[in-house]
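Please read the structure below before turning to the comments.
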Amino acid sequence: MREYLLTLLITAAVTYLLTGPVRKFAIVAGAMPEIRARDVHREPTPRLGGIAMFFGLCAGLLVADHLENLNEVFAKSNEPRALLSGAALIWLIGVLDDKFEIDALIKLGGQMIAAGVMVVQGLTILWLPVPGVGLVAVTQWQGTLLTVALVVITINAVNFVDGLDGLAAGMVCIATAAFFMYAYRIWYGYGIEAAAPATLFAAILMGMCLGFLPHNMHPARIFMGDSGSMLIGLVLAGSAISVTGQIDPDRLNLFSGSERSTVHQMVPAYIPLLLPLSIIAIPAADLVLAIVRRTWRGQSPFAADRGHLHHRLLEIGHSHSRAVLIMYFWSALIGFGVLAYSVNSASMWIVLGVVFLSAIGLVMLLLPRFTPHAPRWAQHLVPPRYRRYPEPSKDGEEAGTEAGEASTAALTDTTTASTTVTAVPGVNGATAIGARTRSTKGRKVRI
């Protein structure tokens, strides 16, 4: 475990330290697209955060290769090299898209090629445990198609959810934490070395997300862009593919009986492996709903809009930070709920706990529908939106109206008689939804 923690920390440190210089490079390179209709940020924000994340990935693999206990992963398996090759290709495509806005079909083709590169080097699905049947071996072409489909779906699911500050990195980090605990349990608890590469990939992916999050939390100073979202989606898919079909259920020795009955009873444990989208169920649901919504309207599935789940949370009244935390909550509930169920599927307490937490999540979703106000003695303990303010009297409203008209007239006269001063907004990456007050204090002005 210490080697994995060391790899995670070094990956996070490299990603964190490189994100600042990468931000400056993105500003100089002009990787700051104009505000689009579907965007929720109000000021141009640099992209290309995926550059720092990719070098964090390289640093993590390099350190793991020089650690005594993790060096065996590189000596006995070609999967780390396969993952790095596919990641480098998808990262390069993402960098070009962040700068030049390449066509969606070209990106889709690049994703399929990156998945094919990993398949050629051995990172592929070999067989699947099917409930009630047992281990089903797949042919080379079937394994290739399944691998490519899984990689493309996961990449686009992560890419679709990357719409709010810190959302994609945080959700992937939560999903990867659940997957890491599962893979580590298989590798360390049962001595199955086939799960070691997946455990390493999950630790590195957590480091990439944790290192980037401090720069990407609201208000974000830099976005990961497609170079980052597609990269972490590919690494997450590669982690799941690395362990899917590589484990013999009989080696777990959890149940007695035939292999067929063993696989049938082990279905809960294989849910995170066969269906990694159950760990990132929120992005996957967002992806499916987006495709259905756009095709129903006669649009291309790749046409961007403001109908994603995080957009809907903002529309019903949630703040930016609360919308992100709600998405975190549901991602953690689904990921760790599946993990707990895979450990002990016979426990009713796990089911009851998931149901109880789901009820709490629904209450959180409906909070904007209710505006409770704190009692007068607790006014200073709650946020301003929940405080009670005395209603102005009629005389006060008339006085305020007259004062406002007078100040408006004075401001108009002053503006006419003086030179107009225009504030030049800086590039700070703020992504607030509502209107903001712009002050010229501390900013360069143009007269």
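In the numbering used here, the protein residues as written are -3 to 443. Just so you know, even glycine gets a beta-carbon here, dropped at the ideal spot from N, CA and C.
At the C-beta level, Ala22 and Pro42 come within 8 Å of one another. In the structure shown, Val132 adopts extended strand secondary structure according to DSSP, grouped into three states. CA-CA distance, Ala286 to Thr150, rounds to 14 Å. Between Ile121 and the set Ala133, Val113 and Leu362, the nearest pair of CA atoms involves Ala133. Distance from the CA atom of Ala173 to the CA atom of Ala198, rounded to whole angstroms, is 7 Å. According to the DSSP assignment, Arg293 belongs to no alpha helix (DSSP H), since it is labelled neither H nor E.
Only buried fits Pro193, as 16 or more other CB atoms lie within 10 angstroms of its CB. In terms of CA proximity to Met360, Met323 leads the group Ile346, Val334, Met323 and Val239.
Separation of Val113 and Ser238 (C-alpha to C-alpha, rounded to the nearest whole angstrom) is 14 Å.
Within the model, the alpha-carbon separation for Val69 versus Thr195 is close to 10 Å. Between Met49 and Met220, the beta carbon gap of about 7 Å places them in contact (Cβ cut-off 8 Å). The three-state reading of DSSP puts Leu122 in coil, since its state is none of H, G, I, E or B. Within the region 73 to 112, no beta strand (DSSP E) run of at least 3 residues lies entirely inside it.
DSSP, reduced to helix, strand and coil, places Met49 within a helical segment of the structure shown. Excluding residues up to 5 positions away in sequence, Leu53, Leu79, Ala83, Phe197, Ile200, Leu201 and Met204 lie with their Cβ nearer than 8 Å to the Cβ of Val231 in the same chain.
Per DSSP, the continuous alpha helix (DSSP H) segment holding Gly224 begins and ends at Gly221 to Val239. For the pair Gly207 and Thr7, the Cα-to-Cα distance works out to about 7 Å.
Residue state for Pro215 is assigned as coil, using DSSP reduced to three classes.
Nearest C-alpha to Leu63 among Arg(-2), Pro210 and Ile188: Arg(-2). Of the other Cβ atoms in all chains shown, fewer than 16 fall within 10 Å of the Cβ of Leu58; this residue is therefore exposed. Across the structure, Glu75 and Leu363 are spaced so that their CA atoms are roughly 46 Å apart. For the pair Lys95 and Ala25, the CB atoms are nearer than the 8 Å cut-off.
DSSP places Trp345 inside the alpha helix (DSSP H), whose first and last residues are Met344 to Leu361. Sequence-distant Cβ neighbours of Phe51 in its own chain, meaning closer than 8 Å and more than five residues away, are Val10, Thr11 and Leu14.
Apart from the 5 residues on each side of it in sequence, Leu142 sits with its Cβ closer than 6 Å to the Cβ of Ile121 in its chain, given in chain order.
Within 10 angstroms of the beta-carbon of Val351 lie fewer than 16 other beta-carbons, which makes it exposed. Rounded to whole angstroms, the gap between the alpha carbons of Leu329 and Gly16 is 32 Å. Judged by DSSP secondary structure, Ala174 falls within the alpha helix (DSSP H) whose first and last residues are Leu163 to Tyr180.
In the DSSP assignment, Thr15 falls within the unbroken alpha helix (DSSP H) covering Arg(-2) to Ala25.
Residue nearest to Ala111 within the set Val148, Leu44, Gly349 and Leu335 is Val148 (criterion: CA-CA distance).
Ala236 places its beta carbon 8 Å or farther from that of Gly162. When secondary structure is reduced to three states using DSSP, Ile312 falls in the coil class, being assigned neither helix nor strand. Gly187 carries a coil assignment under DSSP once its states are collapsed to helix, strand and coil.
Check the Cα spacing between Val284 and each of Asn155, Leu353, His211 and Ser81: the tightest is with Asn155. For Asn65, the secondary structure class from DSSP, reduced to helix, strand or coil, is coil.
Taking the CA atoms as reference points, Ala164 sits about 20 Å from Ala27.
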